[in-house]
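Single-structure report; data block below.
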Amino acid sequence: MMRFMLLFSRQGKLRLQKWYTAAAERDRKKMVRELMQVVLARKPKMCSFLEWRDLKIVYKRYASLYFCCAVEEQDNELVTLEVIHRFVELLDKYFGSVCELDIIFNFEKAYFILDEFLMGGEIQDTSKKSVLKAIEQADLLQEEDESPRSVLEEMGLA
Amino acid sequence: MALKMVKGSIDRMFDKNLQDLVRGIRNHKEDEAKYISTCIDEIKQELKQDNIAVKANAVCKLTYLQMLGYDVSWAAFNIVEVMSSSKFTYKRIGYLAASQCFHEGTDVIMLTTNQIRKDLSSPNQYDTGVALTGLSCFVTPDLARDLANDIMTLMSHTKPFIRKKAVLIMYKVFLKYPESLRPAFPRLKEKLEDPDPGVQSAAVNVICELARRNPKNYLSLAPLFFKLMTSSTNNWVLIKIIKLFGALTPLEPRLGKKLIEPLTNLIHRLHKHLSVFAVLISLSSGMPNHSASIQCLACVLVKYLGLLAMSKILKTHPKSVQSHKDLILQCLDDKDESIRLRALDLLYGMVSKKNLMEIVKKLMLHMDKAEGTTYRDELLTKIIDICSQSNYQYITNFEWYISILVELTRLEGTRHGHLIASQMLDVAIRVKAIRGFAVAQMAMLLDNAHMLTGNTQRNGICEVLYAAAWICGEFSEHLKDPLQTLEAMLRPKVATLPGHIQAVYVQNVAKLFATVLRGQEGVPDRQVAQETSQLLIDRLPLFVQSANLEVQERASCILQLVKYVQKLQQKEVQVAEEVTALFAGELNPVAPKAQKKVPVPEGLDLDAWINEPPSESESEDEKPKAVFAQEEQRPTRPRHPEVDEKELARRREARKQEQANNPFYIKASPSSQKVYAETPGVEHIPVVQIDLSVPLKVPGMPMSDQYVKLEEERRQREKAERKKKKEKKRRKDKCGRGHRAESGGESEEDITPAHTVDIVTEEMPENALPSDEDDKDPSDPHKALDIDLDKPLVDNEKLPVRAHRPPDALKSPVEGGEGEGVAQEPKKKSKKDKKEKEKRKSKERKASVCFCFACFGIILGFVIGRTRGAPVRPLAVPETSSFLVQSYDIQGNLQDGSQVVVSVIFENKSSSSSFLKCMEFNVLDSLNSKLQRPEGASPHEAVTIPFQLPPGVSNEARFVFSVQSIVMPQKLKGTLAFIVKDSSTHEKLDFKLHFTCTSYMITTPCYSDAFAKLLESGDLKASSVRLEGVSMPFHHLLARICFHHHFSVVERIDSCASMYSRSIQGHHVCLLVKTVSTVSIDAKCDEPSLLENVLQEIKQTFAKC
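As structure tokens, this is what we get:
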């Protein structure tokens, strides 16, 4: 089971974090800080896996953004790497050649995608299509919610 | 109001949204904290407004700030507010915020239960989805318990979107509420064969995760997974399944053989795919075919994975990996720490007696080169691990090991001084033959202590001195020059060492003193002895002034002792004997678990107070903490000098005898000793003399390298000798069979140890309990899930269901409130649904003029009650009409003599998309049996069933009936009314509930003596019946009666058995079943009509087969 997933930039700024096990706020912060240091210190040619505390860390760098997953001892690193890649693909499809700014400004959307792809630390659906479809429809529903409520209408002027 | 709304909207237009916030933060790089604090103030204002849109916006911003590391726990309640918004847009944000910010300690979670339950049953699948996603992040044991049943229902939702989420979240629920595993497992198992691949993979994920922790409970699923593996094309799922098999094969070796073929196919199919390695890694941990995997390794570019896979293979096929030793050693030079650590892991498993020295030598070289203390520490622990693994199995020369340990002390800035120290102690204590050498080395260490204690504060290595001082003191008889060591230990610099080390120093100074005195015993010149006393008297005051209490106490005690000795010396009294007696006796190593295993003597209550507990204030003031250093217990252990050697031997013998006779005592595996003891001619092996006068690089620091060379020579010599012997033998034999080729390398067993080594096994207390329980980590959440899943469900294993409760349950204080809410909720719904139905009816009047049941034939399976041990079962008495099949079975409620619980399974069998809703269940009450309706309902009102049925889905509802007399069977007529969603027609279904007398019987175990008493009492009326034409085996017959009629077998002798059961109202029913040519049943019961009816029912059961 995946314990948590972090997205952070080259400069050590956290962009996304998802915890699949409950942990106290303080511990989370400490772990994030420590882990970022360890990962950022690694050279580009080094392998994507490392052991950290009792977890296995699998990370991959896409442009300036690090995708970093912590999985349990018995989990498979390669599958985790595939999970990261699949998530990036999903983001890419959804935003259309995604960049860091997309994730910064639409961080809630990124979360929604992640939640649709992984749940409770397990892969929810391996099909890209079905994940994106679910997101699209949920978005559609959201727009339906919002569209009739134009500001003017709300003010009673329309 | 309108004005307020307008104002709110205008405010909103000027509010910051999330994008503005992010932009703002980016623009205020210098004073980010200040900017954010103003933002938080704004957010606080926004949260105070009534407008939910504003609130949601604020919560969204808070979620972002939370990620940046700001505390937002104060807004937890606002998050709940946004969660409960009816608009999906806001609900989505609310749940996202909750999943990010809530954790088990968040107290508002308690408030969310009902909201989540509402969302879970929402008609909008996205509401449900969002709730499930959120819940997966913050589920607590309470939430898990309350919502388990709702989630389980969702596992059979029509939409795969919901099903897969529900399946996945079940894993979290199991972790938090392990009781739910057994009731939910059958449905989870069903989902393995779900038509939707997403749901299927989710189910595989969950079951694999469960099975990995407790594989033995899931062995029965192996065939199902095997089928999945051969049929599935989803690589993600395949990897999981293979992993699962990896866990199962060690438990069921036959599986391994069966798996070879499909796995080979898989490898060929996935050849180009990266995940082939993933498959490989999973596979290698338990598969018998490794030739394919080794081939793959040859082309491994990804070093890490190669190493990882190798370590897995190593466990099963050590030989095939050992040939790559050099490659692995090369990996130690890799820049990447991950790779180096992996390689180290691999080395650990690769060592043998033959290559240990070589590998350790290489590691020592690496240690010199390695940069970074963490890696160096890692290396150090690995070296020690490698050497000490399985009770020093691979060490042939302990002198070499001691010198390795001594060499390790040169390592600067390591944290693992205590590790080295404990190894030194362990070896010196347990390997008797090495003590002389060890003591010499330790004396040297003490002599050069200044090199180790460069700066004590940071340096963990000085811990080694602790071991050194203790070894020198305890085994001082081996010291060449005790006086010199004594002087070394009394140097003023010692006072800078940590307290607990000084304490050991002081204690061992006394031991050395005793040795010196003894050495001087026979010498006519008394000067040396007296000078030694004087030396102690001069130096010890330094320790008496120590700030450390322990040091101070020991020092002043010993100082007084020495002063006294000095006085005696001046009187020319022989004191050596007495002083030595202080430290007499042999110390045996104690197993680490020994203390835990001491059985508590009978009648001793460890929790009872000996004295009245002291008052609070007192205990605050004086904490006895840190008075004594909390270090190893060994040196300060009290001894029993009175017990002489003979006595000890006698006791030991007695204990051995006792252990040998005790079948539960796991005999100490003699493996380690055996290896040494059974090697032929151990005594004749020449012991290598180490010339310690060889000049060393660092004075006093031995070089382990020389041992490698010496060892090599020794082995060569031995080999030659053996060869010679063999040759001689051969010549003597002269059988002329020709020369067999000399085997290439020497095998493991051929290497004889350099010393006659007696590794003392650690002592365990007498009557130690041979349990391994203490190996398990009690905090592991998965331990709670170690549940046998094959056992049938029993009565009390139910998920808390929101069902109609009998009125008396409502009165109970615990469940009262909940029950009430439950009873009213469905009613409201039904009203709403009726309105909806009416609306639709007017629209589609022309549709569905005649409605035929056959198009979605409902099957009602009546399963009534569950008594202990009896599985849920649909009954076999069908009353068939052209439209529906109705079947049932009735059982009593154990707790209440006048109630039966009826569990009804509704299944919508329609193939089209007919959605059933507004189901209402009603029964025409008789005088004797009545359906219990929710409180406040009229006596003929229908009971609303609290769920809807999508096509192809079944669900269970429970109804309680009160029964007055149970001696007669009874039939109740009832109707089920429901609405078909598509055609909006109101339909009715008639059925009959047949309450047989059997259904009032409860399986009750009975002992034969009680049974005999019952028969003798004479209160029972007899009756009998004959079953004609029953040809089944006797035990089948008994099983059938037990199963269908709730009896239990009291006693069985050949083809005769006595059986017993009890009714819910306490009637005893006894049967004597005999089979000669026909089966005859003689029965006795205190209620003749009940007995008659039960017998008739039994007869019917057998008439049908």
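Protein chains in written order, with UniProt numbering: chain A, 1 to 158; chain B, 1 to 1105.
Note that the Cβ used here is the ideal one computed from N, Cα and C, for glycine as well.
Can you list the residues of chain E that residue 1 of chain A reaches, using a CB-CB cut of under 7 Å? In summary, chain E is missing from the structure at hand, where the protein chains are A and B.
Looking at chain B, is there any beta carbon in it that lies within less than 8 Å of the beta carbon of residue 36 of chain A? On the first sequence, position 36 is the one that residue 36 of chain A refers to. With 8 Å as the cut-off, residue 36 of chain A does not count as an interface residue toward chain B.
I need the DSSP call for residue 165 of chain B, collapsed to helix, strand or coil. Here residue 165 of chain B is taken as the residue at index 165 of the second sequence, counted from 1. The answer is helix: DSSP assigns residue 165 of chain B an H, G or I state.
Starting from residue 9 of chain A, trace the beta strand (DSSP E) both ways and give me its first and last residue. Locating residue 9 of chain A in the first sequence gives position 9, where the first residue counts as 1. Taken as a continuous stretch (DSSP letters only), the beta strand (DSSP E) holding residue 9 of chain A covers 2-9.
Hey, how far is the Cα of residue 538 of chain B from the Cα of residue 563 of chain B? Position 538 of the second sequence, counted from the first residue, corresponds to residue 538 of chain B. Position 563 of the second sequence, counted from the first residue, corresponds to residue 563 of chain B. C-alpha separation (whole angstroms): 11 Å.
Any 3 or more C-beta pairs closer than 8 Å across the stretch 414-421 of chain B and the stretch 431-442 of chain B: no
Using a Cβ cut-off of 9 Å, which residues of the stretch 51-84 of chain B contact any Cβ in chain A, in chain order? 53, 60, 63, 64, 66, 67, 68, 69, 71 and 73
Proximity test, Cβ basis, 8 Å: residue 180 of chain B and chain A: As a position in the second sequence, residue 180 of chain B is number 180, starting the count at 1. False, the Cβ-Cβ gap to chain A never drops below 8 Å.
What residues match up with residue 119 of chain A in a beta bridge as DSSP calls it? Sequence index remark: in the first sequence, residue 119 of chain A carries index 119 (1-based). The partner list for residue 119 of chain A (beta bridge, DSSP) reads A:122.
Residue 580 of chain B (DSSP reduced to helix, strand or coil): Translated into positions along the second sequence, residue 580 of chain B becomes position 580. Helix, per DSSP.
Taking three-plus beta-carbon pairs below 8 Å as touching, is the stretch 1010-1022 of chain B in contact with the stretch 939-959 of chain B? no
Closest to residue 83 of chain A by C-alpha separation, out of B:925, B:1017, B:1054 and B:239, would be which residue? Stepping through the first sequence from its first residue, residue 83 of chain A is reached at position 83. Of B:925, B:1017, B:1054 and B:239, the residue nearest in Cα terms is B:239.
In the DSSP output, what is residue 921 of chain B paired with across the bridge? One-based indexing of the second sequence puts residue 921 of chain B at position 921. Paired residue(s): B:943 and B:976.
Contact list for residue 142 of chain A against chain B, beta-carbon separation under 8 Å: Taking the first residue of the first sequence as 1, we reach residue 142 of chain A at position 142. Those are 88, 89 and 92, listed as they occur along chain B.
With which residues is residue 899 of chain B paired in a DSSP beta bridge? Here residue 899 of chain B refers to the residue found at position 899 of the second sequence. B:962, per the DSSP bridge assignment.
Would you mind stating whether residue 543 of chain B and residue 506 of chain B have Cβ atoms separated by less than 8 Å? Locating residue 543 of chain B in the second sequence gives position 543, where the first residue counts as 1. Locating residue 506 of chain B in the second sequence gives position 506, where the first residue counts as 1. Against a cut-off of 8 Å, the Cβ pair of residue 506 of chain B and residue 543 of chain B comes out as a contact.
Can you confirm whether residue 995 of chain B, when its beta carbon is compared against all beta carbons of chain A, has any partner nearer than 8 Å? Residue mapping note: residue 995 of chain B aligns to position 995 of the second sequence, counting from 1. Residue contact check for residue 995 of chain B against chain A: no CB pair falls below 8 Å.
Against residue 495 of chain B, what residues of chain A qualify as contacts under a CB-to-CB distance less than 8 Å, listed in chain order? Mapped onto the second sequence, residue 495 of chain B falls at position 495. What residue 495 of chain B touches in chain A: nothing, since even the nearest Cβ is about 38 Å away.
Select from B:61, B:395, B:213 and B:446 the residue whose C-alpha is nearest the C-alpha of residue 96 of chain B. To locate residue 96 of chain B, count along the second sequence from 1; it is residue 96. Considering only alpha carbons, the answer is B:61.
8 Å is my cut-off, CB to CB: does residue 29 of chain A come that close to chain B? Taking the first sequence and counting its residues from 1, one reaches residue 29 of chain A at position 29. Yes, residue 29 of chain A counts as interfacial toward chain B.
Report buried or exposed for residue 609 of chain B, applying the criterion of at least 16 other Cβ atoms within 10 angstroms of its Cβ. The residue you call residue 609 of chain B lines up with position 609 of the second sequence. Per the 10 Å Cβ criterion, exposed.
Three-state secondary structure assigned by DSSP to residue 19 of chain A: Locating residue 19 of chain A in the first sequence gives position 19, where the first residue counts as 1. It is a strand residue.
C-beta neighbour in chain B for residue 119 of chain A, strict 8 Å: In the first sequence, residue 119 of chain A corresponds to position 119, counting from 1. Yes, because at least one Cβ of chain B sits closer than 8 Å to the Cβ of residue 119 of chain A.
Look at the alpha carbon of residue 602 of chain B and the alpha carbon of residue 80 of chain B, and state the distance between them as a whole number of angstroms. Within the second sequence, residue 602 of chain B is the residue found at index 602, counting from 1. Within the second sequence, residue 80 of chain B is the residue found at index 80, counting from 1. So the two alpha carbons sit approximately 55 Å from each other.
Indicate whether residue 400 of chain B and residue 357 of chain B have their beta-carbon atoms separated by less than 8 Å. If you number the second sequence from 1, residue 400 of chain B lands on position 400. If you number the second sequence from 1, residue 357 of chain B lands on position 357. Against a cut-off of 8 Å, the Cβ pair of residue 357 of chain B and residue 400 of chain B comes out as a contact.
What is the DSSP secondary structure of residue 609 of chain B, reduced to helix, strand or coil? Counted from its first residue, the second sequence places residue 609 of chain B at position 609. Here residue 609 of chain B sits in coil by DSSP.
Continuous alpha helix (DSSP H) stretch holding residue 1049 of chain B: start and end: Against the second sequence, residue 1049 of chain B aligns to sequence position 1049. No alpha helix (DSSP H) contains residue 1049 of chain B, which is instead part of the beta strand (DSSP E) from 1048-1053.
Just to make sure I have the definition right: I need the residues of chain B whose C-beta is within less than 7 Å of the C-beta of residue 99 of chain A. Which are they? Counted from its first residue, the first sequence places residue 99 of chain A at position 99. By Cβ distance, chain B contributes nothing, its closest Cβ being about 14 Å from residue 99 of chain A, past 7 Å.
Give the list of continuous beta strand (DSSP E) stretches no shorter than 3 residues that lie fully inside the stretch 993-1041 of chain B. 1021-1027
Chain B within 8 Å of residue 84 of chain A, Cβ atoms only: Numbered from 1 along the first sequence, position 84 holds the residue referred to as residue 84 of chain A. It does not; no Cβ of chain B falls within 8 Å.
Secondary structure of residue 410 of chain B, DSSP reduced to three states: Here residue 410 of chain B refers to the residue found at position 410 of the second sequence. DSSP places residue 410 of chain B in coil when its eight states are reduced to three.
If you check the beta carbons only, do residue 1031 of chain B and residue 970 of chain B fall under 8 Å apart? Counted from its first residue, the second sequence places residue 1031 of chain B at position 1031. Counted from its first residue, the second sequence places residue 970 of chain B at position 970. In this structure, residue 970 of chain B does not lie closer than 8 Å to residue 1031 of chain B by Cβ.
Could you name the residues of the same chain whose beta carbon sits closer than 6 Å to that of residue 76 of chain B, not counting the 5 residues immediately before and after it, in chain order? The residue given as residue 76 of chain B occupies position 76 in the second sequence. Closer than 6 Å at Cβ, skipping near neighbours: 106 and 108.
Can you name the residues of chain A whose CB is closer than 7 Å to the CB of residue 491 of chain B? Numbered from its first residue, the second sequence carries residue 491 of chain B at position 491. The premise fails here: residue 491 of chain B is roughly 42 Å from chain A at the closest Cβ pair, so nothing lies under 7 Å.
Let me confirm a value: residue 1007 of chain B is counted as buried when at least 16 other C-beta atoms fall within 10 Å, else exposed. Which label applies? Numbered from 1 along the second sequence, position 1007 holds the residue referred to as residue 1007 of chain B. Residue 1007 of chain B should be labelled exposed.
Answer with yes or no whether the minimum CB distance from residue 105 of chain A to chain B is below 8 Å. For the purposes of this step, residue 105 of chain A is taken as residue 105 along the first sequence, with counting starting at 1. Yes, its Cβ sits closer than 8 Å to a Cβ of chain B.
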